[in-house]
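Report on one structure; see the data block that follows.
Set out below in structure tokens:
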């Protein structure tokens, strides 16, 4: 989206919120660029790749059939320097409902849905959403046991520059302690993981999307495993760090 925006003369603008998180400022033109990039190019490329592997995939944005829907934020408070500002024309929101009827129809027919932003607001307007938290909403709605969130690092790292400081297990009790290690987009990935667990998902794995068979590698427990309570590889209520024994994917 950022790359396409630059080409079209509408560069990305990122804003910082009082809680320290950053997000993309999304005016109406940015929503249209987002749709071109995600629903137009990325989703189509993903579906094409799956079809080549013999998987009957179907690409949908969250707008299609209202598959991802929720309230749009009427105002957004941001921080610039030491000043707080209120933005009123930001088209962002959070997914609070999933059209499971549509997804079950596709799944029952043997099709694999591939979902992407934008989503649909309660006023039937396209809006930007966080993909990781949307994935958690879908996992909860479909009563999934596992949710895999892939990223470009092995998982949550105590030191983001050192892959041997991987936090292997996080529980709801140790969540706040784990958040202190999160930087950038990892904060929202952790929030998505917590929302998935609190919604009934048994296990959320934050893992590297690089290498061969990254999903299988994650489901084998490689990465940061987030769960409700003890019972995983580490019984401690504090996040544990261990050297990544095998950084290569299976």
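In the working numbering, the protein residues as written are -13 to 236.
Glycine is no exception: its CB is placed at the ideal position from the N, C-alpha and C atoms.
Range covered by the beta strand (DSSP E) that runs through residue i
| i | result |
| --- | --- |
| residue 258 | Outside the shown range of the chain, which is -13 to 236, sits residue 258, and nothing can be said about it. |
| residue 69 | 69 to 73 |
| residue 66 | 62 to 66 |
Straight-line gap, residue i to residue j (C-alpha atoms, nearest Å)
| i | j | result |
| --- | --- | --- |
| residue 203 | residue 4 | 36 angstroms |
| residue 187 | residue 126 | 6 angstroms |
| residue 96 | residue 42 | 7 angstroms |
| residue 154 | residue 209 | 6 angstroms |
| residue 205 | residue 147 | 24 angstroms |
| residue 60 | residue 93 | 35 angstroms |
| residue 119 | residue 190 | 12 angstroms |
| residue 81 | residue -7 | 29 angstroms |
| residue 25 | residue 151 | 36 angstroms |
| residue 34 | residue 100 | 11 angstroms |
Inter-residue CB distance, residue i and residue j (contact presumed, cutoff 8 angstroms)
| i | j | result |
| --- | --- | --- |
| residue 142 | residue 164 | 6 angstroms |
| residue 98 | residue 49 | 19 angstroms between Cβ atoms; not a contact. |
| residue 78 | residue 12 | 5 angstroms |
Of the listed residues the options, nearest to residue i (C-alpha basis)
| i | options | result |
| --- | --- | --- |
| residue 47 | 63, 18, 41 | 18 |
| residue 73 | 51, 27, 10 | 10 |
| residue 149 | 159, 114, 80, 140 | 140 |
| residue 184 | 111, 161, 113 | 161 |
| residue 83 | 8, 130, 181, 55 | 55 |
Element boundaries [alpha helix (DSSP H), containing residue i]
| i | result |
| --- | --- |
| residue 165 | 161 to 165 |
| residue 32 | 29 to 38 |
Buried versus exposed call for residue i [16 or more other C-beta atoms within 10 Å across all chains shown]
| i | result |
| --- | --- |
| residue 75 | exposed |
| residue 117 | buried |
Residue-level contact to chain B via CB, residue i, 8 angstroms cutoff
| i | result |
| --- | --- |
| residue 164 | Here chain B cannot be found, since the structure has a single protein chain. |
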